[in-house]
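Numbering (my numbering), first residue to last: 305 to 437.
Where is the CB? At the ideal position from N, CA and C, for every residue including glycine.
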């Protein structure tokens, strides 16, 4: 017998546009994203809020992709970066990625960057924004 993986319960009707039902019905679809239940989401958010370095943030991005199939991009925004809101945190479109998760993960990353602004400076430096200084 194969044990089924526990999946996230459905969002209330009309509240989310994640496409969970379509994902479940599509044959051969990647269901890893549905393994992110509320408890695991809280652990992830706590870990993102307490990042200690840019390397750790990049490792978490890689782990999100490996474990859940979430492609997350964190880089300086198109315009000036004066606050943590100027850092672009974007997800690649993916069925099953809940609206709440799309909001809570960037907010947790921004809180972590506000706690440790040197990570944001390293991120800016990694994208050569300080090259003319």
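Cα-Cα separation, residue i to residue j
{"i": "residue 395", "j": "residue 345", "result": "16 angstroms"}
{"i": "residue 375", "j": "residue 365", "result": "7 angstroms"}
{"i": "residue 331", "j": "residue 372", "result": "18 angstroms"}
{"i": "residue 426", "j": "residue 329", "result": "43 angstroms"}
{"i": "residue 340", "j": "residue 382", "result": "30 angstroms"}
{"i": "residue 418", "j": "residue 370", "result": "27 angstroms"}
{"i": "residue 407", "j": "residue 424", "result": "19 angstroms"}
{"i": "residue 379", "j": "residue 360", "result": "15 angstroms"}
Residue i classed as buried or exposed, judged by whether at least 16 other C-beta atoms fall within 10 angstroms
{"i": "residue 307", "result": "Its pLDDT being 48, under 50, residue 307 is placed unreliably in this model, and the value from its coordinates should be taken loosely. When all chains shown are included, residue 307 counts as exposed."}
{"i": "residue 324", "result": "buried"}
{"i": "residue 400", "result": "buried"}
{"i": "residue 317", "result": "exposed"}
Coarse secondary structure for residue i, derived from DSSP in three states
{"i": "residue 335", "result": "coil"}
{"i": "residue 432", "result": "coil"}
{"i": "residue 330", "result": "coil"}
{"i": "residue 407", "result": "helix"}
{"i": "residue 413", "result": "helix"}
Beta-bridge partners of residue i, as assigned by DSSP
{"i": "residue 393", "result": "378"}
Continuous alpha helix (DSSP H) stretch holding residue i: start and end
{"i": "residue 420", "result": "Residue 420 -> no alpha helix (DSSP H), and no H or E assigned at all."}
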